[in-house]
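Beneath this line is the structure, given in structure tokens, with notes to follow.
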């Protein structure tokens, strides 16, 4: 089906519509995010009205451009290129017929709705009138469910919005409505997906990357993390990256602590530093890409001991997912290939031959050995 060009797009949202007194705040945040995302494309304004938004572009845009701009803005349930028409059925008929695709479609339907019930025709009457006009012009069959082409007609108080198609947005909440959080971004497959899910719940995400400088391929690790942040900025992630070298601290841990506890100590070190950076950014929580039982350091006991190192909440949106589910999201959002770039994960540096799976949470137990060896600032909370 050939694509039309339009200066307007109509946007519908899901969760925002359920909000009460805070709904205007959510709508304003979504409008700002749309303007920010469409900035380079050229946008005049975003109008909020009657449970939807109308985006005004400076020039007509094709569907690919609209999809690239709006398909990654959290808070959007679906959108469509649109035309604004006066409240006259004949004018609507002319617009619909003028913008029908030149190539045949397998089926079509008209989907009408009336926010203003004073309009003289009911929604079914509008659908029948316009459907008959399209069928007379094209001969295309009508299909009420699963139609290839859906033409929307939304009757508002002062105009009618005619849209073509119904294209999905990412859903969720507008980035920024839920506060700021820090993301421990390793550069692997899991942590970018955790960041994506944090963004989807309206968090403004501050990426924090740790590498083993001056040891190993730390430059590859940092380059990979920067590419992931660049890709995720399309979804609203902050376009900068905190980079923290911990190679020397890792070396110190290997000298002073039991072998099996190294990875736990690495993780405690990282969450403590991440907490400090997140507080500097006025953040309220940490997000990680940990999944329960995926590796030896991600048992319930291990996660509990790691979390004891910080005061702010540690949120793990992947906790119940398996690797296949995580990879599917990574492929969909475009980070899977980037995570395959060459670079050493800092947790792989000086990796021990065995990892404790049930560390004691009591700092006076084996955990206390680290503090006694002079690592009190790293290990104890």
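Residue numbers (my numbering): 2 to 382.
Backbone N, C-alpha and C fix where the C-beta goes; we use that ideal spot for every residue, glycine too.
Since we're looking at a predicted model, the values are computed, not measured.
Which of helix, strand or coil DSSP assigns to residue i
| i | result |
| --- | --- |
| residue 288 | strand |
| residue 293 | coil |
| residue 260 | helix |
| residue 125 | helix |
| residue 108 | coil |
| residue 241 | coil |
| residue 143 | strand |
| residue 394 | Summary: the structure shown does not reach residue 394, with the chain confined to residues 2 through 382, and so no result is reported for it. |
| residue 351 | In this prediction, residue 351 scores a pLDDT of 49, lower than 50, which makes its location untrustworthy; the coordinate-derived value is nonetheless stated afterwards. It is coil, neither helix nor strand. |
| residue 6 | coil |
| residue 115 | strand |
| residue 337 | helix |
| residue 468 | Any property of residue 468 remains undetermined from this structure, which presents the chain solely from 2 to 382. |
| residue 311 | coil |
| residue 270 | helix |
| residue 319 | coil |
| residue 101 | coil |
| residue 382 | With a pLDDT of only 34 at residue 382, under the threshold of 50, the placement of this residue in the model should not be trusted; the figure read from the coordinates follows. Three-state DSSP puts residue 382 in coil, outside helix and strand. |
Beta carbon proximity, residue i to chain B, threshold 8 Å
| i | result |
| --- | --- |
| residue 72 | The displayed structure is made up of one protein chain only, and chain B is not part of it. |
Cβ shell of residue i (< 8 Å), same chain only, five flanking positions each side left out
| i | result |
| --- | --- |
| residue 55 | 9, 10, 11, 12, 47, 48, 83, 85 and 162 |
| residue 2 | Caution applies to residue 2, whose pLDDT of 46 falls short of 50 and renders its modelled position unreliable; the model cannot decide the point. |
| residue 138 | 98 and 101 |
| residue 64 | 4, 5, 82, 166 and 168 |
| residue 61 | 6, 7 and 8 |
| residue 199 | 182, 184, 206, 288, 316 and 318 |
| residue 301 | 293 |
| residue 134 | 94, 97 and 98 |
| residue 173 | 16, 75, 76, 200, 201, 202 and 203 |
| residue 21 | none |
| residue 145 | 110 |
| residue 44 | 35, 36, 56, 57, 58 and 59 |
| residue 282 | 181, 183 and 207 |
| residue 152 | 97, 109, 110, 111, 112, 131, 135, 163, 164 and 165 |
For residue j and residue i, believed in contact at Cβ under 8 Å, the rounded distance
| i | j | result |
| --- | --- | --- |
| residue 330 | residue 176 | Actually they do not touch by this definition, with Cβ atoms about 17 Å apart. |
| residue 213 | residue 247 | 7 Å |
| residue 27 | residue 17 | 5 Å |
| residue 14 | residue 78 | 5 Å |
| residue 75 | residue 237 | 6 Å |
| residue 334 | residue 197 | 5 Å |
| residue 243 | residue 278 | 5 Å |
| residue 160 | residue 87 | 7 Å |
Same chain only: Cβ atoms within 6 Å of residue i, ignoring 5 sequence neighbours per side
| i | result |
| --- | --- |
| residue 291 | 299 and 317 |
| residue 351 | Only weak support exists for where residue 351 lies, its pLDDT of 49 falling under 50; the value from the coordinates is given anyway. Around residue 351: 251 and 255. |
| residue 120 | 156 |
| residue 342 | 225 |
| residue 322 | 292 |
| residue 89 | none |
| residue 211 | 245, 247, 271 and 347 |
Residues near residue i in its chain [Cβ-Cβ closer than 7 Å; skip 5 each side]
| i | result |
| --- | --- |
| residue 275 | 183, 185, 209 and 287 |
| residue 307 | 265, 268, 269 and 272 |
| residue 235 | 73 |
| residue 51 | 116 and 157 |
| residue 123 | none |
| residue 328 | 190 and 337 |
| residue 142 | 108 |
Contact test: residue i Cβ vs the ligand ZN heavy atom, cutoff 7 Å
| i | result |
| --- | --- |
| residue 307 | Annotation note on the ligand ZN: not contained in the displayed structure, which lists no ligands. |
Query raised in the report: Which residue spans inside the segment 9-82 form an unbroken alpha helix (DSSP H) run of at least 4?
Result: With a minimum length of 4 residues, the continuous alpha helix (DSSP H) runs that stay inside the segment 9-82 are 24-38 and 64-71.
Report task. Let me know the beta strand (DSSP E) ranges lying completely inside the segment 152-222, each 3 residues or longer, listed in chain order. Result -> Here the runs fully enclosed are 161-165, 181-185 and 205-212.
Query raised in the report: Within the chosen definition, does the segment 125-144 reach the segment 107-115 through at least 3 CB pairs nearer than 8 Å?
Result: The segment 125-144, when compared against the segment 107-115, does touch it at the 8 Å Cβ threshold.
Query raised in the report: With contact counted as at least three CB pairs below 8 Å, one residue from each stretch, are the segment 261-275 and the segment 225-233 in contact?
Result: No contact exists between the segment 261-275 and the segment 225-233.
Query - Given 8 Å, three or more beta-carbon pairs between the segment 277-291 and the segment 201-210 - result: Yes, the segment 277-291 touches the segment 201-210.
Query raised in the report: Any chance the segment 24-39 sits against the segment 177-186, with 3 or more Cβ pairs inside 8 Å?
Result: Cβ pair count under 8 Å is three or more, so yes.
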